[in-house]
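> Take the sequence shown: its letter number 83 is residue 249 in our numbering, and every next letter is one higher.
A virtual CB, placed ideally from N, CA and C, is assigned to each residue, including glycine.
All values reported here derive from a predicted model rather than from experimental measurement.
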Amino acid sequence: MQHHTNAHAAHAIHALHWFEIPVLDLDRAQDFYETVLGLPMRREGEGAHSMALFPFEGQGVGGCLSVSCDGQPPAPAGTVVYLSTPSIDEVLSRVPQAGGRIAVEKTALPDDWGFCAHITDTEGNRVGLHSLA
């Protein structure tokens with residue numbers, strides 16, 4: 167494996183660096199994710215470049231909810247982003263009340279990889295959840 171020697175060399179290398187979940191209504195989507203995950207999100211930008219950032223620390227993977235500037239609509243098919251949570255059961259219990267739906271119930275993964283579930287958010291995106299318990 168070749169290593170780069172530039173300004174980014176100090177950053178950890180991860181398969182995933184950043185993700186954006188497309189939304190039509192940023193306020194509604196932010197309320198949904200803050201409610202079901204129990205995490206505050208930070209608003210950045212204005213107008214077409216407005217986004218709500220998921221919390222992350224240091225070299226961790228970051229991501230956001232974003233009104234797509236290229237008109238890409240939310241979709242239930244395609245790549246699935248998995249959000250980490252200490253308790254899938256707690257998150258799933260809040261999904262319907264927050265306006266989403268459970269697409270795939272909590273499922274045990276093989277070889278002690280934990281558990282996963284899929285939800286559909288208020289915008290129509292399919293999003294995965296992962297926990298070790």
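My assumption, with CB atoms under 8 Å, is that G319 sits in contact with F185. Please give the rounded CB distance.
Any answer about residue 319 is impossible in this case: the structure gives the chain only from 167 up to 299.
> Tell me the rounded alpha-carbon separation between D193 and A299.
Distance between the alpha carbons of D193 and A299 is about 31 Å.
> Per DSSP, which residues does E210 bridge with? Please list them.
Answer is M217, bridged to E210.
> Rounded to whole angstroms, how far is the Cβ of P242 from the Cβ of R292, which I believe are closer than 8 Å?
Sure, about 5 Å apart at Cβ, within 8 Å.
> Decide if the stretch 244 to 254 is in contact with the stretch 263 to 270; the criterion is three or more beta carbon pairs, one per stretch, under 8 Å apart.
No contact exists between the stretch 244 to 254 and the stretch 263 to 270.
> So, at 8 Å on beta carbons, what are the nonlocal neighbours of P240 in its own chain, with the 5 sequence-adjacent residues on each side left out?
If we look at P240 and ignore the five residues flanking it on each side, its Cβ neighbours are I187, P188, V189, L190, D287, E289, G290, N291.
> If I follow the unbroken beta strand (DSSP E) through L231, where does it start and stop?
Taken as a continuous stretch (DSSP letters only), the beta strand (DSSP E) holding L231 covers 228 to 233.
> Whose CA, out of C282, V233, D278, lies closest to the CA of E271?
For E271, the nearest C-alpha among the options comes from C282.
> Using the C-alpha atoms, what's the distance from G211 back to A269?
About 31 Å.
> Taking G204 as the reference, give the member of S232, S216, V261 with the closest Cα.
Selected option, being the one with the closest Cα: V261.
> So V227 and H183 are supposed to be a Cβ contact under 8 Å. How far apart are they, rounded?
About 6 Å separates the two Cβ atoms, so the contact holds.
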